[in-house]
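What follows is a single structure, written as structure tokens, with notes after it.
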Amino acid sequence: MKPSHIEHIGIAVKSLDEAIPFYEKVFGLACYAVEEVAEQKVKTAFFKVGQTKIELLESTDPEGPVGKFIEKKGEGVHHIAFAVNDLAQKLTAVQEAGVRVIDKTPRKGAEGLNIGFLHPKSTFGVLTELCEDPSK
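The opening residue of the sequence shown carries number 1468 in my numbering; numbering runs sequentially from there.
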């Protein structure tokens, strides 16, 4: 597998209302999208830095993955996402190579991307997301 680029870095925050102005004022970035992903119990906000995006993640449910993350570890880097082609094949290949996955098959994520997560126990403690833009 060879990702084309870092698609985004996910950062768990308690409040988008507090975090968005920080990224806008301190870094001069523009929040270009806010979206709720009900299936993942999260509300997201996106900023672009070159080809890479910053995705802020606010939990919509304390029992959701981001809510549990913040409760256990506090706010901070939640995951790194790599852009790939043929996501289904990549998920199969990593499983065949012995990598533990959270998603055995692609599912829908924010911004219309197909996504699949690799378990941090197989990726040196880093929750890793693979993303594919189905329009490309």
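Idealized CB from N, CA, C, for every residue including glycine.
Note that the structure is predicted; figures quoted are calculated from it, not measured.
Problem set entry | Integer Cβ distance of Val-1568 from Glu-1599, believed to fall under 8 Å | Val-1568 to Glu-1599, Cβ: 15 Å. No contact.
For this session: With a threshold of 16 other CB atoms inside 10 Å of the CB of Lys-1520, please say whether the residue is buried or exposed.
Result: Under a 10 Å Cβ-count criterion, Lys-1520 is classified as buried, with 16 or more other Cβ atoms of the shown protein chains found around its own Cβ.
For this session: Provide the residue(s) that pair with Ser-1602 in DSSP beta bridges, ordered along the chain.
Result: Looking at the DSSP assignment, Ser-1602 forms no beta bridge with any residue, so it has no partner.
Exercise. Three-state secondary structure (DSSP) at Phe-1513?
Worked result: Judged by DSSP in its simplified three-state form, Phe-1513 adopts strand.
Exercise. If we call anything under 7 Å between Cβ atoms a contact, is Val-1566 one with Leu-1594?
Worked result: Val-1566 is not a Cβ neighbour of Leu-1594, given a cutoff of 7 Å.
Exercise. Is Tyr-1490 buried or exposed, if buried means 16 or more other CB atoms sit within 10 Å of its CB?
Worked result: Burial call: buried.
Exercise. What span of residues does the alpha helix (DSSP H) with Glu-1485 cover, start to end?
Worked result: Residue range 1483 to 1494 is occupied by the alpha helix (DSSP H) that includes Glu-1485.
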